[in-house]
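Protein chains in written order, with my numbering: chain A, 3 to 756; chain B, 633 to 917.
Where is the CB? At the ideal position from N, CA and C, for every residue including glycine.
Quantities reported herein were computed from a predicted structural model and do not represent experimental measurements.
Note sheet for the following structure.
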Amino acid sequence: MRFLWGTVLTSAFSLMASDAWAAGVEIRGRLIEKGTRKPLGEVPVYILPHKLKAITNARGEFSFYDVPEGEFEWVVNQTGYLKFSEADSQASGESSESRELYIERVSYNAFETTVVGKEDRREDFKKVLSAKKAVSLPGSGNDAIRAVQNLPGVARAPGLASVVIIQGSAPNDTRYLIDGHEVPIIFHFGGFSSVMQPEALDRIDFLSAGYGPDYSRAIGGQIGAWTKTPETESMRGFAFVDLLNAGGAVETPIDDQSSVYVGGRKSYIGNVLRAAVGDDEDFDLTAAPSFDDLSLIYQRKLSDRDEFKLVTIGSRDQLQFLVKETLNNDPAIRGDFYTQTAFFRVIPQWLHRHTDGATTRTSFGFGRDFVQFRLSQERFWLRTIGVTTRVEHERALSEHWKLAAGMDHDFGWADVRLNARDFYTEGGIANPVASTSRQELTLNSVSGHNLGFYSQALYSGLPSWTFKGGLRTDYFAVTNELLVGPRFGVRKELSDSLNLRLATGIYYQPPQPQETAEKVGNPNLKSPESFHLAIAGEKDFREGSNRGWVLTTGPFFKQSKNLVVPSTSFVTRNGVVELENYSNDGKGRAIGVEFFLRGDFAPYSAWVSYTLSRSTRRQNGQSEYVSQYDQTHNLNLIGSVDLTENWKLSTRFRYVTGNPYTPVTSGVFDSDNDTFIPIRGPFYSERQSPFWQLDVRFDKRWVFKKWIMTAYFDIQNVTSRRNVESINYAYDYKSREDVRGLPILPILGVKGEF
Amino acid sequence: MKTKLFFWLVLLTACGDDNLPKYTLLDRFRVLALEADTPEVSPGATVTITPYLSDPGGSGRSISYSVESCVDLGVNLGATPTCDGNPSRVVVVMGGTQAAPGTAPHYTGTTGTIGIAVPSSAVIFTDPRTGGVRTTNEQYNGVNYLMIYRATAGSETVSAFKRIVVSSRTTKNANPSLTEIQFNGVTAASAAAPAAPNKVRLDASVGGGSTEIYSYRDSDGVLANRSEELLVSWFVTQGSLLRSRTDAGESNEYTPSDAPLSATTTFVAVLRDDRGGTSVRTITK
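So this is what it looks like as structure tokens:
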């Protein structure tokens with residue numbers, strides 16, 4: 003209403019101030035941002051030389067009355083936009099057509115590195131990445147979730163691994179969530195792309211040491227992707243194509259209360275691989291590796307206090323090839339190879355705002371997972387049905403007290419078929435599959451569930467202090483344990499631009515399903531447990547301006563016990579002597595310091611992310627050794643500059659200490675299986691050479707009236723450095739060579755959006 | 633399972649160069665097979681093991697060796713293949729010296745046989761880790777008795793082991809039969825020596841009855857029939873082979889060296905069932 007009155011009054015004033023009381027025409031129109039078609043409100047529009055002025059309303063509409071006949075000029079001069087000037091004319095007596103004025107932004111690039119979003123008062127150790135901005139980080143391959151790998155505390159995953167390794171923990175210690183509900187994978191095959199279109203996401207949460215009580219079941223950390231609210235003003239969409247995949251999406255308001263987003267992608271990475279590598283006499287790509295995914299988001303405002311959202315996601319990865327020649331001198335690794343991982347989730351969500359300002363969020367997840375693996379005679383097949391629930395109530399009890407409490411529950415049924423040899427791996431070195439025992443397992447409708455309750459109280463009654471006390475209680479049916487994990491945090495504002503914070507807690511996660519399965523696992527396993535302590539200080543050197551540095555730094559510490567490790571011991575279960583398979587004999591410790599410096603100096607921006615850490619493990623009969631995921635130094639330098647004409651140049655440099663590995667000292671010939679059994683040296687006692695890589699990315703936007711075309715050229719590993727990813731041994735383990743990563747990888751992508 | 637799938641993907645996508653020694657090329661001292669006259673026996677039996685060696689440094693040099701045996705503590709499950717520290721360990725030969733198995737510059741073939749006395753059922757059917765009697769299933773399907781063989785020629789030392797299956801099964805496993813190696817469909821013995829640039833199709837002729845159907849007790853004690861799967865391993869002293877292993881009935885391909893180091897080439901085919909049965913054929917052309 004304010005806009006309307008402003009427009010009326012301003013228009014009236016303009017009319018009176020002009021000499022246009024003479025007979026003229028009425029001209030109406032809309033002011034629109036070029037390319038995005040976003041209406042621009044509260045912007046002055048001038049008609050010269052008549053000195054007429056109107057202010058647009060929230061819908062970008064403006065009106066002029068009694069505009070003198072003849073030629074005139076439209077002028078819009080708004081901060082952040084190129085000056086708009088366009089000649090026009092209006093004949094007397096003609097009915098006036100509505101005008102649409104398109105003005106162009108100075109730049110359509112995201113200027114700032116504030117990929118890291120606003121703070122969450124309940125989570126001092128959560129980093130939030132804006133999905134829209136994270137995709138343009140160099141080396142991210144236009145994927146928002148991959149951008150997480152630039153954050154401090156995240157180890158570089160080896161080669162084509164599609165995992166996130168947090169602060170020296172194992173990959174299985176990270177849990178992946180979409181809108182708070184767990185999904186089995188977060189990246190497609192090879193880690194090139196995450197399972198959701200970045201355009202469907204609003205933000206990515208990265209929870210590391212010391213995270214709050216509202217999440218659990220992961221002793222390493224959590225990666226949470228949160229879907230966006232579909233466009234509510236006008237229909238928008240995009241289509242894109244790049245080296246690996248193509249896709250598109252449309253989002254539109256349905257009515258005043260609801261909107262929808264529908265998008266999908268399909269890869270042709272296999273065809274690219276086939277063209278680049280081709281089949282050879284040892285290897286045939288029977289079916290090209292491919293992945294595809296689908297995202298659907300429906301949002302509806304039910305009332306002033308209620309919102310409903312329905313998110314549906316589906317993902318499928320498939321790979322098939324024929325191995326004609328034995329790989330790794332293992333006669334079992336030969337023949338037809340096929341793997342498929344697929345899942346879908348339907349996640350209805352309801353947000354209710356109470357009259358007193360409290361909120362209640364309720365969401366459910368229903369989904370299925372499909373995993374299939376086949377290599378010659380080896381078979382694994384898994385089907386699951388899962389139902390998950392999350393409920394959280396948050397309210398302010400008083401000016402200084404806030405309370406959040408909730409529960410989450412997941413229930414799953416699984417059918418499993420396993421007929422495969424065991425994959426015995428210790429110290430990161432696998433025994434030949436041909437030398438291991440065959441495992442046969444059939445499980446029908448086995449079920450399990452995890453139930454958790456949590457509460458967190460925030461007290462801010464002491465000046466500059468905030469205290470957070472939380473309690474997490476989990477019941478894991480698979481281990482039949484009721485586990486209590488206290489969480490505590492404190493924050494001290496030393497000044498407007500400087501704060502210190504501390505968080506600590508105890509965390510549990512259930513063992514992996516195969517680790518507790520009858521026959522192939524150990525049903526008596528307990529849950530791994532970890533103690534976290536994290537301290538951080540943050541200094542905002544911008545002091546209220548939008549230029550300058552923000553520094554966040556501090557140490558973290560994790561101590562874990564009951565870690566699950568392979569066991570070749572025999573135990574008596576139900577009166578029967580059986581192989582133990584796994585035990586809780588593992589212990590671990592990770593300690594480190596993180597350093598995160600972000601700078602905005604438009605048009606320049608910079609990002610320095612560095613982690614110094616040491617992660618160790620210990621198990622019975624072994625002295626302490628460094629963890630497989632220990633990376634002493636992990637440095638990410640990112641810089642970007644916005645150039646004129648909507649060009650943007652950005653670059654990333656990474657340096658990471660080489661991964662530790664277990665040397666193999668010799669091999670013993672297994673005459674029955676025609677292969678060699680490796681004899682391991684001290685666990686992880688040697689390291690690969692350090693990893694470093696330079697990536698460069700160019701972005702260019704062409705802005706048309708009603709749509710924008712974007713092109714990016716992401717050149718990963720510009721120097722084509724062949725970093726060592728692993729070790730290949732001769733058949734008898736008497737000699738070895740390095741296995742090196744991909745050389746230069748240029749990815750060109752084009753995207754059109756309206 | 634995520635870890636295992638990840639392991640497989642890494643394994644399958646790993647790619648090194650071709651600078652490592654070729655498995656099929658006999659260019660160093662190595663054990664090619666340990667063949668038991670009876671791969672599966674009852675407790676208390678005696679088994680004769682014939683080692684097949686390849687020694688490019690041959691020329692009549694002697695080979696020293698040692699042999700020990702013990703009850704398997706679970707090599708299939710990840711235990712190290714050794715008898716060290718195993719209470720059932722028996723030293724069969726210590727510091728033995730084998731006279732030169734041949735005077736050829738590159739010797740590939742058998743050496744002297746070794747007799748292994750399998751312990752009685754009181755020992756072999758007692759689990760050394762628990763002291764308890766093994767289950768009926770284990771006794772029926774078989775307990776592995778390890779024979780560890782260590783040989784040294786010059787400065788090169790190789791280690792190998794073989795599992796002798798000791799079971800209560802009435803029908804024991806027998807060695808498969810590899811009757812001959814064929815060059816382009818012709819018995820190798822009567823075929824012309826391969827010469828560059830002509831490639832040669834290699835086939836291993838498998839005798840009838842080599843693929844046995846055997847009974848097996850599953851974990852619930854239910855008897856089920858299984859079929860052996862035969863695999864042929866190929867070796868050559870010079871030139872190159874397309875495949876290191878082929879299924880029985882599947883052909884291989886030999887490419888002669890353009891610049892052969894020796895006037896003759898030795899071809900070795902080792903046929904294995906998947907229960908310890910072995911058959912070896914060697915031909916020098």
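About 5 angstroms separates the beta carbon of residue 863/B from that of residue 877/B, a gap short enough to meet the 8 angstroms contact definition. At a cut-off of 8 angstroms between beta-carbon atoms, residue 790/B makes contact with chain A. When C-beta atoms of the region 349-368 of chain A are compared with those of the region 417-426 of chain A, fewer than three pairs fall below 8 angstroms, so the two segments do not count as touching. For residue 655/B, the three-state secondary structure derived from DSSP is coil. Under the three-state reduction of DSSP output, residue 645/A falls in the coil class, being neither helix nor strand. For residue 708/A, there is no enclosing beta strand (DSSP E), as DSSP marks it with neither H nor E. Taking residue 658/A as reference, the option from 73/A, 40/A, 43/A and 156/A with the minimal CA-CA separation is 156/A. With contacts defined as CB atoms closer than 8 angstroms, residue 191/A and residue 293/A qualify as a contacting pair. For the pair of segments examined, the region 254-266 of chain A was found not to touch the region 174-193 of chain A: the number of CB pairs separated by less than 8 angstroms stays below three. Ranked by Cα distance from residue 507/A, the first of 38/A, 491/A and 392/A is 491/A.
Contact residues of the region 424-451 of chain A toward chain B are 424, 425, 426, 427, 428, 432, 433, 437, 438, 439 and 442 (C-beta to C-beta distance below 8 angstroms). Counting only runs of at least 3 residues, the region 503-584 of chain A fully encloses the following beta strand (DSSP E) elements, listed from N- to C-terminal order: 531-542 and 550-575.
Counting only residues of its own chain and dropping the five nearest sequence neighbours on each side, residue 780/B has a CB closer than 6 angstroms to the CB of 700, 715 and 793. DSSP places residue 133/A in the helix class (H, G or I) of the three-state scheme.
When C-beta distances to chain B are compared with 7 angstroms, the residues of the region 572-598 of chain A below that value are 572, 579 and 581, in chain order.
Taking residue 445/A as the centre and dropping the five residues before and after it, the same chain places the C-beta of 418 closer than 6 angstroms to its C-beta, in chain order. Considering only beta carbons, the part of the region 708-728 of chain B lying closer than 9 angstroms to chain A consists of 708, 709, 710, 711, 712, 713 and 714, in chain order. Annotation: the continuous alpha helix (DSSP H) that includes residue 756/B extends over 753-756. Setting aside the 5 residues that flank it on each side, residue 82/A is surrounded in the same chain by 107 and 108, each with a C-beta closer than 7 angstroms to its C-beta; the list follows chain order. Excluding its 5 nearest sequence neighbours in each direction, residue 888/B has C-beta neighbours in its own chain below 6 angstroms: 826, 827, 828 and 871, listed in chain order. Residue environment for residue 319/A: buried (at least 16 other C-beta atoms within 10 angstroms of its C-beta). Assignment of residue 165/A by DSSP, reduced to helix, strand and coil, places it in the coil class. For residue 772/B, the uninterrupted alpha helix (DSSP H) run begins and ends at 768-773, by DSSP.
Taking a cut-off of 8 angstroms on C-beta distances, the region 479-486 of chain A touches the region 441-460 of chain A, as three or more cross pairs fall below it.
Residues of the region 162-194 of chain A with a C-beta atom less than 9 angstroms from some C-beta of chain B are 162, 163, 164, 165, 172, 173, 174, 186, 187, 191 and 192, listed in chain order. Using a CB distance cut-off of 8 angstroms, residue 793/B counts as an interface residue toward chain A.
About 35 angstroms separates the beta carbons of residue 817/B and residue 689/B, which is beyond the 8 angstroms limit, so they are not a contact pair.
For residue 234/A, no beta strand (DSSP E) segment is defined, and its DSSP state is neither H nor E. For residue 409/A, the enclosing beta strand (DSSP E) has its first and last residue at 403-423. Here the alpha carbons of residue 822/B and residue 868/B stand approximately 18 angstroms from one another.
Collapsing the DSSP output to three states places residue 436/A in a helix. CA-CA distance, residue 352/A to residue 161/A, rounds to 40 angstroms. Rounded to the nearest whole angstrom, the CA to CA distance from residue 784/B to residue 188/A is 52 angstroms. Nearest to residue 337/A by C-alpha distance, out of 379/A, 565/A and 534/A, is 379/A. Put simply, the region 658-675 of chain A does not touch the region 701-708 of chain A. Fewer than three CB pairs are less than 8 angstroms apart. Taking 8 angstroms as the threshold, the shortest C-beta distance from residue 319/A to chain B does not fall below it.
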